[in-house]
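In my numbering, the protein residues as written are 1 to 245.
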């Protein structure tokens, strides 16, 4: 069996006091229930894709979706690889935890345009969820008080997540830098894809060890730069071709 190494980077939960999450205008009772569950499972954590792993560093496993640590697909074969690996990670997490993915959290695009249209095409049934409300900082520079910036919001979708939707999510985050979290109904774990990789945050270190062992071929190689949790031994070719990032 491939040797696995867990590196504890000593990360701490972020976003504890600011911003605050409040229900968005037009939010449904389902959205309110979702916010209550989020606060119970992830207290003080904002629903950005990188923050669940900081809240549970011992239960986090990172996988690469593209060969060679690439962050963007070069051709259709890369796109198929990204889809296949994302689907395999999600289904393996579901199997290990015995809980299916049924909740998708997505950062609502703040500007009209192609990106917003693309997100809407992938998640057409997204509902308003929460708005991020920042504390006022009396020491903040007031030179730009007249600038109008849309509020940061997250939407959600609930329901079964089939392979077609998983493929659409994987391609969205590799083509455009969308911020998404996939979770079960009780929100006890979170999977977040990004360009070139997947962060899976399960419920405890034991589940993380099982997940890392099950899909060890896609773990980051030892010695490569970047934040990682579990690694695998690097091949000689990988040692010579380690990306500078």
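Note that the Cβ used here is the ideal one computed from N, Cα and C, for glycine as well.
Whole-angstrom distance between residue j and residue i, CA atom to CA atom
| i | j | result |
| --- | --- | --- |
| residue 56 | residue 213 | 19 Å |
| residue 235 | residue 27 | 50 Å |
| residue 186 | residue 35 | 11 Å |
| residue 222 | residue 46 | 30 Å |
| residue 108 | residue 114 | 13 Å |
| residue 127 | residue 237 | 46 Å |
| residue 3 | residue 94 | Its pLDDT being 37, under 50, residue 3 is placed unreliably by the model, and the measurement read from it follows with that caveat. Using only the alpha carbons, I get a separation of about 24 Å. |
| residue 39 | residue 67 | 36 Å |
| residue 102 | residue 77 | 28 Å |
| residue 158 | residue 32 | 13 Å |
| residue 146 | residue 153 | Because the pLDDT at residue 146 is just 48, under 50, the model does not fix this residue reliably, and the value given afterwards should be weighed accordingly. Residue 146 and residue 153: Cα-Cα distance of roughly 21 Å. |
| residue 105 | residue 155 | 6 Å |
| residue 194 | residue 131 | 22 Å |
| residue 164 | residue 122 | 10 Å |
| residue 183 | residue 25 | 23 Å |
| residue 161 | residue 20 | 29 Å |
Closest by C-alpha distance to residue i, when choosing among the options
| i | options | result |
| --- | --- | --- |
| residue 120 | 130, 98, 172, 160 | 172 |
| residue 97 | 195, 42, 188 | 188 |
| residue 196 | 25, 80, 21 | 80 |
| residue 198 | 125, 42, 124, 87 | 87 |
Contact belief for residue i with residue j at Cβ below 8 Å, rounded distance in angstroms
| i | j | result |
| --- | --- | --- |
| residue 180 | residue 169 | 6 Å |
| residue 215 | residue 89 | 6 Å |
Spatial neighbours of residue i in its chain, beta-carbon cut-off 6 Å, leaving aside the 5 residues before and after
| i | result |
| --- | --- |
| residue 52 | 190, 201 |
| residue 16 | Per-residue confidence for residue 16 stands at a pLDDT of 37, beneath the threshold of 50, marking its modelled position as unreliable; no derived number is given. |
| residue 99 | 184 |
| residue 151 | 131 |
| residue 192 | 49, 181, 199 |
Beta-carbon contacts of residue i that lie in its chain and below 7 Å, excluding the five residues immediately before and after
| i | result |
| --- | --- |
| residue 138 | Reliability fails at residue 138, whose pLDDT of 45 lies under 50, so the model's placement of it is uncertain and no value is given. |
| residue 83 | 167, 170, 171 |
| residue 61 | 200, 208, 211, 212, 229, 230 |
| residue 48 | 179 |
| residue 205 | 58, 59 |
| residue 218 | 63, 64, 85 |
| residue 37 | 186, 187 |
| residue 176 | 115, 118 |
| residue 125 | 157 |
| residue 203 | 59, 97, 188, 189 |
8 Å CB neighbourhood of residue i in its chain, flanking five on each side removed
| i | result |
| --- | --- |
| residue 92 | 211, 214, 215 |
| residue 129 | 23, 24, 27, 31, 34, 35, 105, 153, 154, 155, 156 |
| residue 41 | 186, 187, 188 |
| residue 29 | none |
Task: Continuous beta strand (DSSP E) assignments of at least 3 residues falling wholly in the stretch 170–226 - done: Note on the stretch 170–226: whole beta strand (DSSP E) runs with a minimum of 3 residues are 180–184, 190–194, 197–201, in chain order.
Task: Completely contained beta strand (DSSP E) runs for the stretch 16–78, where each covers 3 or more residues - done: As far as the stretch 16–78 is concerned, its whole beta strand (DSSP E) runs of at least 3 residues are 20–23, 60–64.
TODO: May I have a chain-ordered list of the alpha helix (DSSP H) segments no shorter than 4 residues that lie completely inside the stretch 102–135?
DONE: Qualifying alpha helix (DSSP H) stretches, in chain order: 114–122.
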